[in-house]
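Trainee: Dumping the structure here so I can ask a few things about it.
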Amino acid sequence: MGLPSPWDRFLYDTSRAKWPRYALYPLDKALLAIRGVLMARRNGSETILCETPHHALVGLFIARVLGARCVWDSHGSVRIFSKSMGKGPIFTTLAVALERFVGKRVDALIAVSDSDRSDYVDLGIPPERVFVVPHCVDLRRIDAHAGTSRRVPGPPGATSGAPILLFFGSFRYDPNLEALRYIEETLVPFLQARGTQGEIRIAGRNIPDRPYHGMIRVLGFVPNIYETIASSDLCIIPVWRGVGILTKALDAMAVGTPTVLSRFAASLIPGVESGVHAFIAESPRDFPTVVLKALADPTERRRVAREARRLVETRYDWDLHGNRLAAIVRGDGPAGG
47 MGLPSPWDRF LYDTSRAKWP RYALYPLDKA LLAIRGVLMA RRNGSETILC
97 ETPHHALVGL FIARVLGARC VWDSHGSVRI FSKSMGKGPI FTTLAVALER
147 FVGKRVDALI AVSDSDRSDY VDLGIPPERV FVVPHCVDLR RIDAHAGTSR
197 RVPGPPGATS GAPILLFFGS FRYDPNLEAL RYIEETLVPF LQARGTQGEI
247 RIAGRNIPDR PYHGMIRVLG FVPNIYETIA SSDLCIIPVW RGVGILTKAL
297 DAMAVGTPTV LSRFAASLIP GVESGVHAFI AESPRDFPTV VLKALADPTE
347 RRRVAREARR LVETRYDWDL HGNRLAAIVR GDGPAGG
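262 is the number that our numbering gives to position 216 of the sequence shown; each next residue is one higher, with no gaps.
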C-alpha cells in the first residue's frame, strides 16, 4: 500500500518562497512518520520502500519503530545532479549530507546506473547495500497503448504529409523548460529558414501558458502518451543537463519512434550508439542539423527505430529486471552490484 504525502507539491516547488517551505518541512515529516507507523502496523508491513532521501528519512524511522526493512529507491545521485544543474555549495553540502546519512542506514539502496552506484559508494555507503536497477519500461503495456495510434489532426491548413516532431515531459523541471525555449528560439527558426514544413508538438504537465510560434502546437497533458509518441515522425530531446536515465527517451525508443538526442541525453542511456539507436547531436549548435538530416531520410529513421526498440527489448524491458528488483526489496537477493 502507498502512503500519500499531500504537501510534497508545495514543499518541493522551487518557484515558491523558501522559508514557508522550510518551516513546513519538519512538521510534514513528523506527521508522515506518525501516519506511516500506524498504516504499516495496521497492515503488517515488512518492508518500507521510499523514493527520495526525504521520504527515506521518514521510512527509516518507521522501519526502526516496527523492526521492518527499509529500501531507498534513488532516482539519481544528488551530487551528480547538483553538479549538472549548477547548484550552490550550501544546497549541495546539505543534500549530500542527507543522502550519506540515509544511505548508510537503509538496508538497500537502488541506483539507476553504475555511475550513481559509484558515487554512493564514494560517500561511504557499504557497496554490498547498493544495487543497480536501470529505469525500465513495460513493453507489453506500451504495445497495448501505442498499437491503436492515429495521427492527431493538425491545425487548419496543415499539410497532411508534413512531419510531426514531439517533445514531452514535466515542465516543472528546469532542463525541460530550457529545451522548450531552445526549440522555439533555435530549432524552429533553423527549420523555417530551410523551408521545412511541419509541426512540433509539446506534451506534458505545467507547460507555460503563453503564445508560441505557429510551428509549435501545445498539447498539454495527454492521457495516452504512447499513442502520441506513435503518431509522431520524430521525437526530439534537446536536454543538456540533469540526472538519471531519461525515461522519455526510453519511451520513444520502446514505441518505435526515432529520436534525436543531445549527446548529454544519450550519455544517460547505457548502450545507445549514435546512428544505431538514435540520431545524436554533439552540441546545441549541431542539434538542428541532425534533426533536418533525420527528417530527410525516412529509410534511416525506420532502421534507427528498429534498432532502438531492439535495445529496449534486450536491456530495458521491465520483464528483465522485475524479479531481481523484487528480490532486492525482500532482501533475499545477492549482495549489491
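In this text, a Cβ means the ideal position worked out from N, Cα and C, and glycines have one as well.
1. Who are the Cβ neighbours of Val-111 in its own chain at under 8 Å, not counting the five residues just before and after it?
2. Where does Glu-245 sit, in a helix, a strand or coil, going by DSSP?
3. Put Ala-69 into one of helix, strand or coil per three-state DSSP.
4. How many angstroms separate the CA atom of Asn-270 from the CA atom of Ser-130?
5. So, is Gly-288 buried or exposed, given that buried needs 16 or more other C-beta atoms within 10 angstroms?
6. Would you kindly work out how many angstroms separate the C-alpha atoms of Tyr-362 and Gly-105, rounded to a whole number?
7. Residue range of the beta strand (DSSP E) that Asp-189 falls in?
8. Rounded to whole angstroms, what's the CA-CA distance from Pro-172 to His-100? Just pull it up for me.
9. By Cβ distance below 7 Å, which residues in the same chain neighbour Arg-58 in space, the five residues on each side in sequence not counted?
10. Since Phe-214 is in the beta strand (DSSP E), which residue starts that stretch and which ends it?
11. Express the C-alpha separation of Gly-122 and Val-178 in angstroms, rounding to a whole number.
12. Determine the extent of the beta strand (DSSP E) in which Ser-308 is found, giving its start and end residues.
13. With Ala-192 and Ile-275 assumed to form a contact (beta carbons below 8 Å), what rounded beta-carbon distance in angstroms separates them?
14. Taking only heavy atoms of the ligand ATP into account, decide whether any of them is closer than 7 Å to the Cβ of Ile-282.
15. Provide the residue(s) that pair with Phe-137 in DSSP beta bridges, ordered along the chain.
16. Under 8 Å, Cβ to Cβ, is there at least one residue of chain B near His-259?
17. Taking DSSP's pairing of strands, which residues face Phe-333 in a bridge?
18. Going by alpha carbons, who is nearest to Ala-327 out of Leu-371, Phe-310, Leu-314 and Asp-160?
Mentor: On the basis of the coordinates in this document:
1. Looking up residue 111 in the sequence shown gives position 65. Excluding residues within five positions, the ones whose Cβ falls inside 8 Å are Val-83.
2. As a first step, residue 245 must be located in the sequence shown, where it is residue number 199. In the structure shown, Glu-245 sits in a strand (DSSP, three-state: E or B).
3. Working through the sequence shown from its first residue, we reach residue 69 at position 23. Looking at Ala-69 - three-state DSSP - the assignment turns out to be helix.
4. Mapped onto the sequence shown, residue 270 falls at position 224. Mapped onto the sequence shown, residue 130 falls at position 84. The alpha-carbon atoms of Asn-270 and Ser-130 are separated by roughly 31 Å.
5. Counting from one through the sequence shown, the residue named residue 288 turns up at place 242. Buried, because 16 or more other Cβ atoms sit within 10 Å of the Cβ of Gly-288.
6. On the sequence shown, residue 362 is found 316 positions in, with the first residue counted as 1. On the sequence shown, residue 105 is found 59 positions in, with the first residue counted as 1. The straight-line gap from Cα to Cα measures roughly 28 Å.
7. Within the sequence shown, residue 189 is the residue found at index 143, counting from 1. That residue, Asp-189, is in no beta strand (DSSP E); its alpha helix (DSSP H) goes 185 to 192.
8. Position 126 of the sequence shown, counted from the first residue, corresponds to residue 172. Position 54 of the sequence shown, counted from the first residue, corresponds to residue 100. Their Cα atoms are separated by approximately 20 Å.
9. One-based indexing of the sequence shown puts residue 58 at position 12. Note that residue 58 is Tyr in the sequence shown here, rather than Arg. Nothing listed; no residue qualifies.
10. Taking the sequence shown and counting its residues from 1, one reaches residue 214 at position 168. Looking at the DSSP string, the run of the beta strand (DSSP E) that includes Phe-214 is 210 to 214.
11. Your numbering for residue 178 matches position 132 in the sequence shown. Your numbering for residue 122 matches position 76 in the sequence shown. Using only the alpha carbons, I get a separation of about 11 Å.
12. In the sequence shown, the residue the question calls residue 308 occupies position 262. Segment 305 to 308, the beta strand (DSSP E) holding Ser-308.
13. Residue 192 sits at position 146 when you count from the first residue of the sequence shown. Residue 275 sits at position 229 when you count from the first residue of the sequence shown. Correct: roughly 7 Å between the Cβ atoms.
14. Only the bare structure without any ligand can be found here, which leaves the ligand ATP out of the picture.
15. Taking the first residue of the sequence shown as 1, we reach residue 137 at position 91. Paired residues: none, contrary to the question.
16. Looking at the structure shown, chain B is missing, and only one protein chain is on hand.
17. Counting from one through the sequence shown, the residue named residue 333 turns up at place 287. Phe-333 is not bridged to any residue.
18. Residue mapping note: residue 327 aligns to position 281 of the sequence shown, counting from 1. It is Phe-310 whose Cα lies nearest to the Cα of Ala-327.
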